[in-house]
Amino acid sequence: MAAAQGQFSDHSNNAGGTDGSPGTALPPPFRLAVEALRGARLRPEIEIEPTRPPQRLAPHAYALEATVVDGEDDLADGRLVLLHDPAGHEAWNGTFRLVTLVRAELEPEMAVDPLLPEVSWSWLTGALEARGLTYGEPSGTVTRAGSHYFGGLAERRPSSQIEIRASWTPREGHGGAPDSVAHLAAWCDLLCQIAGLPPAPGFGAASSGAEGGSGGGVVSLPQRRGPQAP
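Using this note's numbering, you'd call the opening residue of the sequence shown number 256 and step up by one each time.
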């Protein structure tokens, strides 16, 4: 399994440095959350790498990007950012915020399903709830887009994509830090769901642990067959 790594933001106002080395002026709750993320063990289909975090969304930020891989095929990819503002943020209703973007190619029969946006959002809320996570202030968008090719690309078949952009406030626990590893695991469940992979062995049904979530767990659409060659 891959270990989650990543980078701190390099804000001059409080973050102190980019590598998380000893002596970097990071708030203890943020350091706890990030250290847990750096040691997380994930499903073998998930390839995760560091990425530069955004610089202006919060005083402290940590970012990861991941790809769901099946053999030679990349089935889905995404980015997860952990934000922290020790002073709190009114819109977050907390001091931490998780922000994500996930995207994948779609099979034609999925792309035309009128329930796709609602179902895709349920994949996110259901993944969080299935891990027993409490969260608040969820918001986001689900976008589906189609591409048609012309000229030198005319031989390619039309393709469809889905993109989920979302953010939510994780519940703060021990030491003021959220259970960042569980949220990372739920996010990876979302990536695998949008990639069309089956749940991880032993992964149970969704519960109703969310505040402000949609409830009801994960709704399924027909399983994807993987990306198609042009």
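Yeah, the Cβ is synthetic: ideal placement off N, Cα and C, and Gly gets one too.
When you compare the CB positions of residue i and residue j, do they come within less than 8 Å of one another, or not?
i, j, result
"E302", "V324", "yes"
"A321", "C447", "no"
"A385", "I449", "no"
"L445", "A382", "yes"
"R241", "A455", "The question about residue 241 has no answer, for the chain in this structure spans 256 to 485."
Whole angstroms is fine: what's the gap from residue i's alpha carbon to residue j's?
i, j, result
"P283", "T350", "13 Å"
"R296", "A440", "9 Å"
"S377", "D340", "28 Å"
"L370", "P363", "14 Å"
"L408", "G395", "33 Å"
"R426", "L312", "19 Å"
"W347", "R293", "24 Å"
"A331", "A342", "35 Å"
"E392", "D434", "17 Å"
"A366", "P413", "11 Å"
"T389", "G406", "50 Å"
"H315", "T306", "14 Å"
"V289", "A421", "20 Å"
"L361", "D368", "11 Å"
"A432", "L379", "21 Å"
"S402", "A318", "29 Å"
"T424", "A291", "17 Å"
Under the rule that 16 or more other beta-carbon atoms within 10 Å means buried, what is residue i, buried or exposed?
i, result
"L354", "A small fix is needed here, since residue 354 is Val in this sequence, not Leu. Buried, by the Cβ-count rule."
"E304", "exposed"
"D328", "exposed"
"A280", "exposed"
"P309", "exposed"
"R352", "buried"
Tell me which same chain residues have a C-beta within less than 8 Å of the C-beta of residue i, skipping the five on either side of it?
i, result
"S375", "V397, I417, I419, I449"
"G430", "P283, P284, L287"
"G428", "D434"
Please go through the same chain and pick out, in chain order, the residues whose beta-carbon is closer than 7 Å to the beta-carbon of residue i, but skip the five residues on each side of it.
i, result
"E300", "V323, V324, D325, C447, L452"
"E345", "none"
Excluding the 5 residues flanking residue i on each side, which residues of the same chain have their C-beta closer than 6 Å to its C-beta?
i, result
"R334", "E320, L356"
"P372", "V397"
"A400", "Q416"
"M256", "Per-residue confidence for M256 stands at a pLDDT of 38, beneath the threshold of 50, marking its modelled position as unreliable; no derived number is given."
Beta-carbon of residue i versus every beta-carbon of chain C: anything under 8 Å?
i, result
"H438", "Of the protein chains in this structure there is only one, and it is not chain C."
Inset, instruction - Mind listing, in chain order, the continuous beta strand (DSSP E) runs of no fewer than 3 residues lying wholly within the stretch 340-411? - result: 349-361, 390-402
Inset, instruction - May I have a chain-ordered list of the beta strand (DSSP E) segments no shorter than 3 residues that lie completely inside the stretch 415-455? - result: For the stretch 415-455, not a single whole beta strand (DSSP E) run of length 3 or above is found.
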